[in-house]
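A quick write-up on the structure given underneath.
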Amino acid sequence: MSVLDGIAIVGVAETAIGKLPGRSAISLQAEAGVAAVAAAGLAKGDIDGVFSFPGYSQAMMLHAARVAEHLGLRPELAVVTDVGGPGTHHTALLNVAAAIDAGMCTAALCTYGENGISIRRSGRGRAPGTLTGGEDFEAPYGQIAMISGYALFAQRHMHLYGTTSEQLGAVAVTSRHHASLNDNAHKREPITLADHQSSPMISSPLRRLDCSLISDAGGAFVVTSVDRARSLGVPYARVLGFGSAATHHTASQAPDLHELGGPVAAARAFDRAGLTVADVDAVYIHDACTFSVVAGVEALGLCGEGEGGPYAESGALALGSDCPVNLHGGMLSHGHAGGVFHLLDAVRQLQGSAGRRQVDGAEVVVAHGNGGVFSTFSTMVLGRDR
Amino acid sequence: MTDKPRPDLNDTATAPYFEAAARHELVLPYCDRCGLVFFPPREHCPACWSRDLSWRPVSGTGTVWTFTEVHVAFYDDTWADDVPYVAAVIELDEGPRLLANIVESDTGSLAIGDRVEVTFEDRSEDLTLPMFRVVA
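As they're listed, the protein sequences go chains A and B. According to my numbering, the first sequence holds residues 1 to 386 in order. According to my numbering, the second sequence holds residues 1001 to 1136 in order.
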């Protein structure tokens, strides 16, 4: 018996995504939060826990207390998690589950989002490069952007396994196709492999269309017990299994590709869920770059080690395949605000509310991926209640 | 032009690394208890947590473990005069990996596995950084 048994995500919401001049990160999180509570069939007075993460563009201390103050809430718990990538949201779920088990909370609001575009124009934001932990031994060499860290891994994958830029391009093209089915996506115009190949090199071997977007956006979800969720009369997703792994912080101190934490986190989550990847109807992989998806499909066991490139090129990522990937469009095309949107869309698939990108009859959906530069990994297995 | 990021030269755990670099020497911390040579420097051995450490000169030779050629000056104009530049993870012959730029080399044909050797860039009056160049 785990504290995660009997935990449900019952309401999800996201704001408009793109350039939202003048919007603070806190206002985006609050807007999404209010909408998520309504989507859960709950009211303000039902929320007795706030879990959040400020995002790196407008970092602050005690951020969850700020969200609570902003929304006029005085909860017992106002907690920030910063695990990196999807681990931040997944670990918030773990914290909520523990709080519910301890009798400290009955329904928690979890908010995320940042104004990555607009904060830079205002001159008040911080570059993530000042926060990555490589200040002494990486930043003096110009290793300051997250994408350069990912490029180091993509380059090594190409060297070890023969992965090609065209295979990474297949990830970008599929993500944009999925985004074209999502009216709230930041970038919806279809792209071709030729567009990918002609996009400018950013940090080799990654081109512009290999990079996730920078967006102004907010997203939020509400967590409660399955018993409570059932009483609300709205669709919800149930937590089936969760796994994590942490191997390093800065890019240069990473273990080799086959020793990264992705397969370990995925195996832990599947084991705890009592399921295998064959049971999964769709996956959502934190796509800071196209290569993250290649690494992700390998980690989840959708293909073998080193086979992620050909797997992507085969069309296996697209809606209509056995296990489509990033149906909302991912951070490559839908939007990037700390990566919460993967979890939100995983829930929508299980609620049956994903519209044109819905996988018919989806029963098990997985959100997976890394924080930092493949530093931490997190896998969350969600299911429709049966 | 914004100044490039600088390491903290007053951190007692790492200062000897940069003091040696200023003498154009590459040194790494060595664990006197378990024999591990490691990087980055810290006040204890990451393998056995011993604080009995000493600094040892290393060969300064290694191989390119991976690399990226950075084409964009991110965030501001700090690196505008440097792009494109190569940031590489070097696996030293003694085992540890570190990140540095590949300089004084034709990087157009740079490949993982290339042999490299240390060189030094005197970036300012008080700061010297180890760099690497390809060995023909």
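The beta carbon of each residue, even a glycine, is placed where N, CA and C say it ideally should be.
Would you call the stretch 171-178 of chain A and the stretch 142-151 of chain A touching, i.e. three or more CB-CB distances under 8 Å?
no
Got a sec? Which residues, its chain only, sit under 6 Å from residue 1069/B by beta carbon, not counting five neighbours each side?
1084, 1086
Can you look up residue 365/A in the DSSP assignment and give me helix, strand or coil?
strand
Residue 1008/B versus residue 45/A - alpha carbon distance
49 Å
For residue 55/A, decide whether its Cβ has a neighbour in chain B, counting only Cβ atoms nearer than 8 Å.
no
DSSP state of residue 331/A mapped onto helix, strand, coil
helix
Output the residue ranges of the alpha helix (DSSP H) runs that lie fully inside the stretch 5-61 of chain A and measure 4 residues or longer, sorted by chain position.
25-39
What residues match up with residue 211/A in a beta bridge as DSSP calls it?
289/A
Compare the C-beta of residue 1024/B with all C-beta atoms of chain A and state if any pair is closer than 8 Å.
no
Against residue 1070/B, what residues of chain A qualify as contacts under a CB-to-CB distance less than 7 Å, listed in chain order?
142, 148, 203
Residue span of the beta strand (DSSP E) that contains residue 243/A, given as start and end
237-246
Taking the straight line between their C-alpha atoms, what separation do you get for residue 1/A and residue 272/A?
10 Å
Length at least 3, wholly inside the stretch 151-237 of chain A: the beta strand (DSSP E) runs in chain order:
201-203, 216-225
Short CB-CB distance (under 8 Å) between residue 1115/B and chain A
no
Using the beta-carbon of each residue, which ones in chain B are nearer than 7 Å to residue 159/A?
1112
Got a sec, what are the start and stop residues for the beta strand (DSSP E) residue 114/A sits in?
107-115
In this structure, does DSSP put residue 1117/B in helix, strand or coil?
strand
Step through the CB atoms of chain A and report whether any lies within less than 8 Å of the CB of residue 1033/B.
no
If you run the structure through DSSP and keep just helix, strand and coil, what is residue 92/A?
helix
Starting from residue 1087/B and walking both ways along the beta strand (DSSP E), at which residues does that stretch end?
1085-1092
Roughly how many angstroms separate the alpha carbons of residue 47/A and residue 1055/B, rounded to a whole number?
56 Å
Between which residues of its own chain and residue 173/A is the CB-CB distance below 7 Å, once the five residues before and five after are set aside?
191, 192, 193, 196
Between residue 167/A and chain B, is any beta-carbon pair separated by less than 8 Å?
no
The alpha helix (DSSP H) with residue 262/A in it runs from where to where?
262-273
Residue 1079/B CB to nearest chain A CB: under 8 Å?
yes
From the DSSP output, in three-state form, read off residue 1036/B for me.
coil
Going by beta-carbon coordinates alone, are residue 282/A and residue 255/A separated by less than 8 Å?
no
Taking 8 Å as the CB-CB limit, is residue 345/A close to chain B?
no
Using the rule of at least 16 other Cβ atoms within 10 Å of the residue's Cβ for burial, across every protein chain shown, is residue 276/A buried or exposed?
exposed
Residues of chain B with CB under 7 Å from residue 151/A, in chain order?
1068
Is the CB of residue 1027/B under 8 Å away from at least one CB in chain A?
no
Could you run through the stretch 291-310 of chain A and flag, in chain order, every residue whose CB is less than 9 Å away from some CB of chain B?
none
Counting only the same chain and skipping the five closest in sequence on each side, list residues whose C-beta sits under 6 Å from that of residue 108/A.
49, 51, 96, 223
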